[in-house]
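One structure below.
In the numbering used here, the protein residues as written are 14 to 283.
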């Protein structure tokens, strides 16, 4: 087994900006590779769903041809409501399932044992829409897209252009988390970090909005900034945050790999 002193990220301080209830997988992976993790959850994610909208969707659920998820949060909150109303997964009926992103796919397949019939290799709304169009099943098909409050319009617009009938059901909201007064923020200001990781545009926006209150003190280490993918990178550049490294494909493992390559991994010994 490698010791803590010869793991790839040994001695590095790495900031994780994901929501606290989502950060564990990334934080644990970084810790296993020897990093000291500073959690600065720039956003918080919580359930938000209209009772009327939920009732409307469930009353006509059997008429949907596709059920589409754009995030693992959507899966979590949707099925939280679904199992509150139904006690059997077979109540989904014959709806086909599509999703974007490996984490979303794992929640559906590994945790819920559901078959995902459409999942593009590239984790973007545009790629998901294109993959659904390629199935040849969208003309006049009814599609339910499970969303959060900050979801982009690209997926719905592209599906409607392919003649699908699209309904959206918002099941969660993403909000800025105030960080300035937290012990982790004080530690970051005093000592800085080697790297800071952004996994969503909403986290970038929240961090940028609070940049003055989070700025490292003189002499503190200025971190490299890493992005999980093109959309997050575009937001970083828009908000004036240089993108020092980016995951080859959107995903936690890919982001950690990009960090390891950027910071120059140590040679492991058995």
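The beta-carbon is built from N, C-alpha and C at its ideal position, and this holds for glycine as well.
Using DSSP with H/G/I as helix, E/B as strand and the rest coil, what is residue i?
i: residue 102; result: helix
i: residue 215; result: helix
i: residue 144; result: helix
i: residue 32; result: coil
i: residue 248; result: helix
i: residue 59; result: strand
i: residue 276; result: helix
i: residue 180; result: strand
i: residue 237; result: strand
i: residue 254; result: coil
i: residue 113; result: coil
Please go through the same chain and pick out, in chain order, the residues whose beta-carbon is closer than 8 Å to the beta-carbon of residue i, but skip the five residues on each side of it.
i: residue 279; result: Confidence is the limiting factor: at residue 279 the pLDDT is only 45, short of 50, which leaves the residue's position unreliable, though a coordinate-based value still follows. So the qualifying residues of the chain are 19, 20, 21 and 23.
i: residue 226; result: 192, 193 and 198
Give the C-beta separation of residue i and residue j to the nearest angstrom, bearing in mind that I take them to be a contact with Cβ-Cβ under 8 Å.
i: residue 61; j: residue 190; result: That belief does not hold up - the Cβ atoms of residue 61 and residue 190 are roughly 15 Å apart, past 8 Å.
i: residue 52; j: residue 197; result: 6 Å
i: residue 169; j: residue 87; result: Their Cβ separation, rounded to whole angstroms, is 14 Å, which puts residue 169 and residue 87 out of contact at 8 Å.
i: residue 236; j: residue 207; result: 6 Å
Keeping to the same chain, check which residues put their C-beta closer than 7 Å to that of residue i; ignore five residues upstream and five downstream.
i: residue 70; result: 157, 180 and 182
So, at 6 Å on beta carbons, what are the nonlocal neighbours of residue i in its own chain, with the 5 sequence-adjacent residues on each side left out?
i: residue 115; result: 264
i: residue 282; result: Caution applies to residue 282, whose pLDDT of 32 falls short of 50 and renders its modelled position unreliable; the model cannot decide the point.
i: residue 85; result: 116, 117 and 120
On a Cα-Cα basis, can you pick out the residue from the options that is closest to residue i?
i: residue 201; options: 213, 224, 212 and 215; result: 224
i: residue 109; options: 79, 120, 102 and 92; result: 79
i: residue 9; options: 37, 49 and 44; result: Coverage of the chain is limited to positions 14 through 283, which leaves residue 9 absent and any answer about it impossible.
i: residue 56; options: 253, 268, 214 and 241; result: 214
Checklist line | Completely contained alpha helix (DSSP H) runs for the segment 124-176, where each covers 4 or more residues | finding: 138-147 and 167-174
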